[in-house]
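Chains as they are written, first to last, in the numbering used here: chain B, 35 to 363; chain L, 165 to 695.
Glycine included, C-beta positions come from ideal geometry on N, C-alpha and C.
Model, not experiment: these values are computed from the prediction.
Comments concern the structure below.
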Amino acid sequence: MTESTPAASSGNGQSDSDVVIDVRNLCHSFKGHRALWDVSLQVRAKSLHGFVGPNGAGKTTALKAICTLLRPQVGSIRVFGYNVVHDVNQVRRRIGFMPDHFSMYRQMTVYEYLDFFGAAYGLTLQQRTKVLADVLDLTDMAGRKDDFIQGLSRGMQQRVSLARVLVHDPDLLLLDEPASGLDPRARIELMEILRELRRMGKTIFISSHILSELAELCDSVTIIDRGRVKFSGAMDQLLHHGEDNPTFRVSLRKEQTDFADKLRGLPGVVNVEQIEEGAEYRVSFDWTLTDNNGLLRSVMEAGGLVTAFREERRHLNDAFMDLTERGVR
Amino acid sequence: MPRGMASLFQGTLAMLSRAMRVEARQVRFHLFRFAFAIFIVFCLLSAMVQAAFRGAPGLSFFESLCYLNWFFIMMAGLSFFATSITEEKEEDTLGLLKMAGVSRLGILLGKSTSRLISAAMLLAIQIPFALLAITLGGVMLHQIVAAYISLAAFLVMLANVALFCSVFSKRSNNASSLMVMFLLGLLAGPWFVKGITYLLVEEAFIRDGDFLQTCLDDGSQFFIDISILTSLNSIGSTGFNDSVWSLQVIWNLAIGVSFFALAWGTFDHFTRDLVGATPSRGLIVKRTSRLRMFGASSVWKNAFAWKDFYFITGGRTHITLKAIFYPLLTVGIACLILYFERNHYREVIGYTIFWTMLVAFLVELCVAASRMFHDEIRWHTMATLIMVPVSIARIAYSKLLGCLLSLAPAVVMGSIGFLLVIDDSDMQRFFTDVLDEPGFWYFVLTCILFLHLTVLLSLFVKWGAAPLAFVTIVISNWMGGGALMALSFAGGMGRFDENVLFVVLDIGLLAVIVSMHFAIGWRLRIVGEQG
């Protein structure tokens with residue numbers, strides 16, 4: 035049997051080794067219902083990529099196709115350069131998929147469960163002993179390793195699920211709604227683990243509804259609605275999406291008369307808006323004429339006693355609401 | 165109408181109409197009815213063919229219909245009726261029904277009545293066809309009415325006993341097991357007690373006419389009298405003119421109503437602590453326990469075999485228990501036989517062990533086949549399992565290996581039995597004659613087909629894959645055998661050698677088994693996609 039090798043080109047002009055997931059024109063239908071339509075996206079190595087969309091948008095279908103569970107009807111998917119249809123086992127060896135439901139052998143203890151998957155992935159007993167100690171440590175479950183899974187809380191079960199995904203040390207983690215149903219503490223702790231995993235060099239593709247946390251966590255994001263990709267790219271790009279000029283919020287110690295007019299007269303400034311007749315102004319400027327340092331300098335030179343100066347970015351929530359349509363499918 | 169009464173009716177009717185609507189939408193129920201209609205047509209055709217060489221073909225048609233219905237009612241009791249409440253328990257919806265204000269009577273009526281109505285409708289729609297038996301000759305209208313009333317009473321009894329089992333049990337498989345025990349007790353129990361009583365009198369342990377003998381004999385006779393089989397036998401006899409409200413009908417209805425009342429009375433008690441269904445670990449202890457020898461070992465290199473060996477078949481704990489129970493059972497049976505027939509010790513012990521273990525082997529294999537993949541689907545673990553980078557076929561065969569390992573006690577015991585009789589003339593004849601018979605291999609292949617069908621059906625149905633596979637195999641064999649017999653009698657197969665026929669059938673079965681292999685793989689892939 036010949037071992038497949040990753041495809042040579044990604045066709046985007048960027049380094050091939052840098053692209054971990056490459057989805058092109060993916061379409062999938064279930065009984066006449068179009069679940070995915072012309073979906074294209076790319077995920078770079080060692081990045082944390084958010085996959086966001088309303089219920090029924092097609093997130094789980096896309097994830098299943100990427101992780102080889104679902105055969106794409108139209109289009110192609112490459113993971114680490116391997117085709118998910120032809121090189122199923124090569125792809126599976128390098129990914130860890132965590133489904134959106136708690137699909138676990140709950141009658142097992144935590145250790146038995148992880149040990150089973152370790153052996154299923156071909157790890158020897160010695161390797162498993164070491165790896166299991168590491169993943170239990172990482173997920174902070176070492177103290178509960180002899181507990182039955184069915185006796186654990188939802189948050190703990192999610193940690194065990196995450197530990198299972200890590201047992202064979204995959205390079206790419208595909209997580210489908212890992213934070214759903216978790217209490218705020220469990221959610222924050224899970225996000226901490228994800229940060230740690232990113233620091234360890236894993237690429238993480240995460241589908242979630244918790245937009246605030248995704249905004250903090252993700253380097254890039256794909257927004258999908260009704261089976262179509264509405265946006266796919268860097269998080270910064272999304273948060274500036276639709277805005278030509280950067281906007282900064284300037285806060286002064288006290289309100290100054292006609293200060294808005296003074297700001298309008300500064301070089302490069304294109305728009306000034308006073309917030310609720312107070313000592314705060316929203317200032318947009320032209321990147322080609324000045325930059326944020328230049329703007330701050332100009333404001334101070336104009337006599338403003340600046341107490342705060344920060345970039346005003348759209349929140350992911352706003353971007354999400356702008357890009358997706360009202361109602362459910 | 166009082167408020168409580170109104171809410172009872174509302175709840176019951178809401179559940180009833182929901183159940184009927186769901187049933188009307190599901191294709192499998194229509195397929196089942198269609199299959200039933202085909203059986204009826206087949207019975208009719210078979211009776212018509214038999215009319216050429218046998219008298220009273222109507223009676224033959226009528227009897228076939230009666231026993232077919234009896235068989236289906238029993239199978240429905242094991243699966244369809246026994247899961248009425250347990251499925252709500254397993255899906256965590258019973259608490260929601262209670263919170264919605266549906267009373268326990270409402271839940272019982274809503275859950276059991278809809279199923280009873282479906283089954284009763286299946287009986288009712290046959291009556292016009294059954295009337296054709298009168299035209300074919302050999303049966304009177306009174307017999308048909310009496311038979312359908314008997315069957316309906318049996319249905320009511322079984323549905324309500326199953327309802328109680330469903331209320332009592334936490335899981336559907338427990339409810340089905342209770343129903344198996346009930347049916348065995350009902351069908352074989354009275355005859356067993358009667359036989360034992362006779363032997364006790366023969367051996368002078370008790371005297372004829374003693375209080376104990378009278379109680380045992382009358383008691384078992386009573387259960388034989390109220391048995392549906394006795395009733396159908398009596399109805400089918402020439403000159404039947406008894407009342408349609410026989411002892412069997414009255415007692416079956418009374419038992420049915422009593423069990424419904426029992427289910428109603430104990431409903432709150434058995435459904436009080438509603439905990440979501442979780443997979444059972446059986447008797448496997450934790451590794452940290454003092455009895456760690458009964459715990460799961462470290463995972464083997466073949467992890468899938470390890471998992472199924474411990475968590476489907478019970479692992480070392482169950483093997484130990486079987487290693488104790490099987491010798492006790494077989495030696496006990498052998499001793500009982502030897503008590504009455506005091507010669508050929510070695511042969512009696514050998515054959516008893518061999519045949520008992522063969523039955524145990526097949527039963528264990530059947531249970532493992534029905535659970536092997538079903539549990540993965542039920543607990544939504546298929547997607548994570550098939551994400552492991554090995555082929556589905558390897559996973560499936562590894563799981564099978566894990567299940568086969570648990571059959572070691574039955575195999576070892578069976579082999580001991582076999583070695584004890586290896587030089588016996590009957591066993592020698594088996595090697596020289598029977599193994600050459602294509603009919604023997606037809607039986608073996610049918611058993612293998614049954615196991616494959618059980619696995620395949622377990623990937624489609626929630627419960628009852630094994631009974632369904634059994635029904636399918638029995639009916640197919642019955643129809644196939646009937647068709648061949650009809651053709652043979654009609655002269656079309658006069659020159660056919662029976663052995664050649666079996667060879668053709670063996671090849672056909674082999675082809676079906678191979679296709680089922682692929683069908684199982686295909687279905688596993690789909691189930692994995694669905695997560």
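- Within the segment 294–326 of chain B, contact with chain L at the beta-carbon level (separation under 7 Å) is assigned to no residue.
- When the alpha-carbon of E223 of chain B is set against those of B:V201, B:R193, B:C252, B:D295, the nearest one is in B:R193.
- Close CB contacts of N324 of chain L within its chain, under the 6 Å cut and outside five residues either way in sequence, are with G420, F423, F424 (chain order).
- Contact note: F150 of chain B reaches chain L through V463, A467, W470, K471, using a C-beta cutoff of 8 Å and chain order.
- Straight-line measurement puts the Cα of G603 of chain L at about 14 Å from the Cα of F595 of chain L.
- Here R558 of chain L carries a helix assignment [DSSP, helix/strand/coil].
- Note that the segment 195–209 of chain B touches the segment 150–162 of chain B; at least 3 beta-carbon pairs, one per stretch, sit closer than 8 Å.
- Using beta-carbon distances, T237 of chain B does not count as an interface residue toward chain L, since no partner is under 8 Å.
- For T442 of chain L, the closest Cβ of chain B is nearer than 8 Å.
- For K626 of chain L, no Cβ of chain B is located within less than 8 Å of the residue's own Cβ.
- The count of Cβ pairs closer than 8 Å, one atom from the segment 210–224 of chain B and one from the segment 130–139 of chain B, reaches three, so the stretches are in contact.
- Closest in alpha carbon position to L295 of chain L, among L:G353, L:S224, L:L363, L:V344, is L:S224.
- The segment 568–580 of chain L makes contact with the segment 509–528 of chain L: 3 or more CB pairs, one atom from each, lie closer than 8 Å.
- R451 of chain L belongs to the set of residues whose beta carbon lies under 8 Å from a beta carbon in chain B.
- Boundaries for E310 of chain B: no alpha helix (DSSP H) harbours it, and the DSSP string shows neither H nor E there.
- Distance check between K65 of chain B and each of B:E345, B:C101, B:Q107 places B:Q107 closest, using alpha-carbon atoms only.
- DSSP lists B:S254 as the beta-bridge partner residues of A268 of chain B.
- Residue pairing of S285 of chain B in beta bridges, as defined by DSSP: B:E314, B:A342.
- Residues of chain B whose Cβ lies closer than 8 Å to the Cβ of T545 of chain L are, in chain order, S137, M138, Y139.
- Judged by DSSP in its simplified three-state form, H62 of chain B adopts strand.
- The way I'd put it, the segment 79–87 of chain B does touch the segment 235–252 of chain B; three or more beta-carbon pairs between them come closer than 8 Å.
- Using beta-carbon distances, R535 of chain L does not count as an interface residue toward chain B, since no partner is under 8 Å.
- Across the structure, L177 of chain L and V531 of chain L are spaced so that their CA atoms are roughly 37 Å apart.
- For the segment 109–145 of chain B, the full-length beta strand (DSSP E) segments reaching 3 residues or more read 129–132 along the chain.
- About 19 Å separates the Cβ atoms of R197 of chain L and S248 of chain L, ruling out a contact at the 8 Å cut-off.
- Take C329 of chain L, set aside five residues on each side of it, and the residues of its chain with a beta-carbon closer than 7 Å to its own are A246, A339, L342, M343, in chain order.
- Judged by pairs of C-beta atoms under 8 Å, the segment 549–569 of chain L does not touch the segment 495–503 of chain L, as fewer than three such pairs exist.
- For the 8 Å CB-CB criterion, V676 of chain L and L613 of chain L form a contact.
- Excluding five sequence positions before and after E187 of chain L, the CB atoms of its chain that fall closer than 8 Å to its own CB belong to F193, S278, S282, given in chain order.
- Shown here is that no member of the segment 327–343 of chain B has a Cβ falling below 8 Å from a Cβ of chain L.
- Using a CB distance cut-off of 8 Å, A418 of chain L does not count as an interface residue toward chain B.
- Within the same chain, and ignoring the five residues on either side of A69 of chain B in sequence, the residues whose Cβ sits closer than 7 Å to its Cβ are H62, S63, G92, T95, G261.
- Using beta-carbon distances, F475 of chain L counts as an interface residue toward chain B, with a partner under 8 Å.
- By the Cβ criterion, the segment 343–355 of chain B is not in contact with the segment 249–266 of chain L, since fewer than three pairs of Cβ atoms, one from each stretch, lie closer than 8 Å.
- DSSP places G646 of chain L within a helical segment (H, G or I) once states are collapsed to three.
- Against chain B, the CB of E693 of chain L has a partner CB under 8 Å away; the residue lies at that interface.
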